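Residue numbers (the UniProt record's numbering): 1 to 102. Every residue, glycine too, gets a C-beta built ideally from N, C-alpha and C. These figures come from a predicted structure and were not determined experimentally. Single-structure report; data block below.
Now the structure itself:
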């Protein structure tokens, strides 16, 4: 992988980590798509849950870029990355319902 691509993937991952940090440690739950303060019953729990998963997605993004740069994974790496991100996003969607009144 070219250095420019590593930097782009790394910057994307860092951006996601930053958003996760703001959600988890600064309580900025308004960054969560679809957040409605009237429906959330445990804002700190939601921030902890969503922030942790978002940070994890960002770290895995950075790690995937680094591993791809060193050609580790033989073409399977990006498939595993996509499956992980889609699964984590699904966990975010389903798991966030635990913190709403519905």
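For residue i, which residues in the same chain have their Cβ closer than 8 Å to its Cβ, ignoring the five residues on either side in sequence?
| i | result |
| --- | --- |
| residue 66 | 6 and 10 |
| residue 96 | 32, 46, 49 and 50 |
| residue 27 | 43, 44 and 47 |
I'd like the list of long-range same chain contacts for residue i, defined as Cβ closer than 7 Å, with 5 residues on each side in sequence excluded.
| i | result |
| --- | --- |
| residue 12 | 61 |
Measure the alpha-carbon distance for residue i versus residue j and round it to whole angstroms.
| i | j | result |
| --- | --- | --- |
| residue 24 | residue 56 | 12 Å |
| residue 100 | residue 40 | 4 Å |
| residue 72 | residue 84 | 17 Å |
| residue 82 | residue 38 | 33 Å |
| residue 2 | residue 92 | 32 Å |
| residue 33 | residue 75 | 32 Å |
| residue 68 | residue 15 | 19 Å |
| residue 80 | residue 98 | 27 Å |
| residue 70 | residue 8 | 15 Å |
| residue 94 | residue 4 | 35 Å |
On the premise that residue j lies in contact with residue i, defined as a C-beta separation below 8 Å, what is that separation, rounded to the nearest angstrom?
| i | j | result |
| --- | --- | --- |
| residue 64 | residue 77 | 6 Å |
Does the beta-carbon distance from residue i to residue j come in below 8 Å?
| i | j | result |
| --- | --- | --- |
| residue 29 | residue 43 | yes |
| residue 88 | residue 53 | yes |
| residue 59 | residue 86 | no |
So, at 6 Å on beta carbons, what are the nonlocal neighbours of residue i in its own chain, with the 5 sequence-adjacent residues on each side left out?
| i | result |
| --- | --- |
| residue 51 | 20, 23 and 24 |
| residue 35 | 29 |
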